[in-house]
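Under our numbering, the residue at position 5 of the sequence shown is numbered 76, and the numbers go up by one with no gaps. Glycine included, C-beta positions come from ideal geometry on N, C-alpha and C. Only one structure is covered here, and it is reproduced in the block below.
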Amino acid sequence: MPSQTETTNAEIFSALSEPVRIEIVGMIAGTEELACTVLDDTLPISKSTISYHIKILYHAGLIHVRKDGRYYFYRLRREVFEQYVDGFLDRLAVARRSRKSRSVKALSAAR
């Protein structure tokens, strides 16, 4: 039976192995706290699929979930990223900015 640390390592890296979850982490990392409605409005997947991915991130200990009325709010547990995958959030932010920059250039060129 794996130790708690090994299980945590496996859960964390498994949670980060899915591109949709990486996108969700990037969106949450860009803000103090992200409302569930932002994910619903931004991602091209169903609410139930978003919920599935959020559950995996939560159980891996990567995000904190707060409920306020009917809405959920997500906050990144940055200390977990610093402990297990130091520098990951910085690289993710650079990659997201680069993708946005390419999108803006493509839109400008199309005009």
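Start-to-end residues for the alpha helix (DSSP H) that takes in residue i
i	result
isoleucine 199	Outside the displayed span of the chain (72 to 182) sits residue 199, for which this structure offers no information.
serine 119	118-130
leucine 110	107-113
Supposed contact pair residue j and residue i - C-beta distance, whole angstroms, cut 8 Å
i	j	result
valine 156	histidine 124	Between histidine 124 and valine 156 the Cβ distance is about 18 Å, and since that is not below 8 Å, they are no contact.
isoleucine 121	leucine 105	Contact flag wrong, Cβ pair sits at about 12 Å.
Distance, residue j Cα to residue i Cα
i	j	result
proline 73	tyrosine 142	A caution first: proline 73 carries a pLDDT of 45, below 50, which makes its placement in the model unreliable, though a value can still be read off. Whole-angstrom Cα-Cα distance: 36 Å.
arginine 149	serine 117	27 Å
leucine 178	phenylalanine 84	Any reading at leucine 178 needs caution, since the residue's pLDDT is 46, under 50, leaving its predicted position unreliable; the model's value is listed next. Their Cα atoms are separated by approximately 35 Å.
leucine 87	glycine 140	29 Å
valine 165	lysine 138	30 Å
glutamine 154	threonine 79	11 Å
arginine 167	arginine 146	18 Å
valine 175	cysteine 107	Bear in mind that the predicted position of valine 175 carries a pLDDT of just 48, short of 50, making it too unreliable to give a figure here.
histidine 135	glutamate 89	19 Å
isoleucine 95	glutamate 82	16 Å
glycine 132	phenylalanine 152	10 Å
Original post:
What beta strand (DSSP E) runs, 3 residues minimum, are completely inside the stretch 135-170?
Top reply: 142-147
Original post:
Three or more beta-carbon pairs under 8 Å between the stretch 118-136 and the stretch 158-169, yes or no?
Top reply: no
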